[in-house]
Amino acid sequence: MRIYLDTNIFIAAFERRDAVSDRLGDLFSTGLDRSDKMFVTSELTISELLVVPLRDGRRALVGYYSDVLSENEWLHAYPVAKAVFVSAAGLRAERRGLRLPDAIHLATALATGCSHFMTEDSSLAVAGETAVPALRMLRPDEPTLKSLLESLQS
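For this note's numbering, add 1384 to where a residue sits in the sequence shown, where the first one is 1.
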């Protein structure tokens, strides 16, 4: 299983304090225990993540996100290459209204062989199910995260 993490998953995990952020932390910890990199995101994510912390002068959060999105043992930040842009254009051609950043995320998930795509964006989840039926869309809610953690720990 390979899970693509949309930008909003990092925000939920690292900027909120609730049951979902706790579960996401547990989920990321399971990635540390695996020999393969189970989690994937696009390098586009760093650009999306840093906007508000830079605007608000939250330097510690900027540094934290920069560290998290650098190559590490649990997460692969995939570069946005020409093939991803071409694939994203194809997805947008098939699905009117799909925004370019969302199409880049979906195309990156496909390029990296992800089986699942986790997002809090309900419109992206619907678009993704239609445009990319090969990807199973995951919402980061308590029941989904609990089930996912149980399946990974068994």
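For every residue, glycine included, the Cβ atom is placed at its ideal position computed from N, Cα and C. Fair warning: this is a prediction, and the values are worked out from it, not measured in the lab.
Legend entry - Delimiting residues of the alpha helix (DSSP H) encompassing Val1404: 1403 to 1416
Legend entry - DSSP bridge partner residues for Tyr1462 (one or two, in chain order): Ser1426, per the DSSP bridge assignment.
Inset, instruction - My understanding is that Leu1459 touches Gly1497, with C-beta atoms under 8 Å, so please give their C-beta distance in whole angstroms. - result: Actually they do not touch by this definition, with Cβ atoms about 15 Å apart.
Inset, instruction - Say whether the stretch 1475 to 1483 touches the stretch 1501 to 1520, bearing in mind that this needs 3 or more beta-carbon pairs closer than 8 Å, one atom from each stretch. - result: Touching, yes.
Inset, instruction - With Leu1389 as the anchor, note down where its beta strand (DSSP E) starts and where it stops. - result: For Leu1389, the enclosing beta strand (DSSP E) has its first and last residue at 1387 to 1389.
Inset, instruction - Just list the beta strand (DSSP E) runs in the stretch 1446 to 1516, keeping only unbroken ones of 3 residues or longer that don't cross its boundaries, in chain order. - result: 1459 to 1462, 1500 to 1502
Legend entry - Reduced DSSP secondary structure (H/G/I, E/B, other) of Leu1519: coil
Legend entry - Residue of Glu1504, Glu1399, Leu1508 minimising C-alpha distance to Glu1526: Glu1504
Inset, instruction - Could you say if the stretch 1464 to 1479 and the stretch 1447 to 1455 meet the contact criterion of at least three C-beta pairs nearer than 8 Å? - result: no
Inset, instruction - Could you have a look at Ser1431 and say whether DSSP puts it in helix, strand or coil? - result: helix
Inset, instruction - Starting from Pro1524, trace the alpha helix (DSSP H) both ways and give me its first and last residue. - result: Per DSSP, Pro1524 belongs to no alpha helix (DSSP H) and is neither H nor E.
Legend entry - Sub-8 Å separation of Arg1407 and Lys1530 beta-carbons: For the pair Arg1407 and Lys1530, the CB atoms are nearer than the 8 Å cut-off.
Legend entry - Ser1499 to Pro1524 span [Cα, whole Å]: Rounded to the nearest whole angstrom, the C-alpha separation of Ser1499 and Pro1524 is 16 Å.
Legend entry - Rounded straight-line distance, which links the Cα of Asp1486 to that of Ser1507: If you draw a straight line from the Cα of Ser1507 to the Cα of Asp1486, it is about 10 Å long.
Legend entry - Secondary structure of Ser1538, DSSP reduced to three states: Note: Ser1538 maps to coil in three-state DSSP.
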